[in-house]
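Residue numbers (UniProt numbering): 1 to 199.
Glycine is no exception: its CB is placed at the ideal position from the N, C-alpha and C atoms.
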Amino acid sequence: MFSRRRSNPEPTPETPEEPTEVPGTVQKKGRPTPRRSTAEAARKRPLVPTDRKAAARTQRAAAREQRDREYKAMQTGDEKNLPLRDRGPIKRWIRDYVDARRNLGEYFLPVALVMVFSTFVTANNITAGIVVIMVLYLVVVVTIADAFILSRVLKRRLNARFGEGKVPRGSLMYGVLRAFQIRRTRLPRPQVKRGEYPV
1 MFSRRRSNPE
11 PTPETPEEPT
21 EVPGTVQKKG
31 RPTPRRSTAE
41 AARKRPLVPT
51 DRKAAARTQR
61 AAAREQRDRE
71 YKAMQTGDEK
81 NLPLRDRGPI
91 KRWIRDYVDA
101 RRNLGEYFLP
111 VALVMVFSTF
121 VTANNITAGI
131 VVIMVLYLVV
141 VVTIADAFIL
151 SRVLKRRLNA
161 RFGEGKVPRG
171 SLMYGVLRAF
181 QIRRTRLPRP
191 QVKRGEYPV
């Protein structure tokens with residue numbers, strides 16, 4: 001008797017309409033979630049490519065582009081694209097120091113070729129042949145002495161510039177071998193003139 005009659009009855013929930021199918025679309029509802037192992041297997045790529053010839057062509061093209069970038073960097077001195085053995089501030093400092101110095105090693109090959117040719121010319125003259133051989137040995141000894149002095153100077157200056165123990169192994173030999181190359185054939189190309197020693 002205390003209850004009131006509701007004048008407006010509650011509306012009954014309408015039944016949801018069935019989604020209309022659009023032709024050409026894929027319905028995603030009602031499909032189970034794939035297992036993790038199934039999803040991982042779908043993402044895996046085969047170790048051996050299906051088209052080996054195409055993969056080999058792609059690999060060769062990438063290697064060619066890498067070689068072209070490195071060669072151009074060795075011509076221009078671009079530090080970012082240099083090969084790993086020539087990269088870094090220490091290697092750059094060594095190259096600049098060696099290129100600024102007049103090394104006896106860069107004249108060794110031309111002088112040695114002249115001496116060898118002279119031995120053929122003086123084959124009938126024993127005295128002249130002995131003199132040529134002695135001069136060749138003298139050139140070898142002087143060149144080795146100059147390379148030893150260069151290695152000592154490089155070690156002292158590199159330690160003063162970069163600190164004790166910061167110079168990687170093989171850096172001194174890197175500079176000595178560069179000193180034995182003819183200046184115009186060195187790669188990377190010299191970026192300094194004679195006498196322009198790095199600080």
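Remark: fewer than three beta-carbon pairs, one from each stretch, lie closer than 8 Å, so the stretch 59-72 and the stretch 108-117 are not flagged as touching.
Bounds of the alpha helix (DSSP H) holding Asn159 are Ile126 to Phe162. When rounded, the separation of the alpha-carbon atoms in Thr76 and Phe162 is 25 Å.
For Val116, the uninterrupted alpha helix (DSSP H) segment begins and ends at Phe108 to Val121. Per the coordinates, the alpha-carbon of Arg87 lies some 11 Å from the alpha-carbon of Arg95.
The Cβ-Cβ distance between Leu154 and Gly129 does not fall below 7 Å. Straight through space, the alpha carbons of Leu150 and Lys166 are spaced by roughly 19 Å. Glu70 is the residue among Arg36, Glu70, Lys80 and Val131 whose C-alpha sits nearest the C-alpha of Leu187. Residues of the same chain with a CB within less than 8 Å of the CB of Lys91, apart from the 5 flanking positions on each side, are Arg85, Ser171 and Tyr174 in chain order.
Asp146 and Ala54 have their alpha carbons spaced roughly 53 Å apart.
Looking at Pro190, Gly105 and Val141, the one whose alpha-carbon comes closest to that of Gln181 is Gly105. Using a Cβ distance threshold of 7 Å, Arg178 and Val98 count as a contacting pair. Just so you know, the alpha carbons of Tyr197 and Arg102 end up roughly 11 Å apart. Here Val132 is buried: its Cβ has 16 or more other Cβ atoms, across all protein chains shown, within 10 Å. Scanning its chain for C-beta atoms nearer than 7 Å, with the 5 sequence neighbours on each side dropped, one finds around Ala73 the residues Asn81 and Leu82, in chain order.
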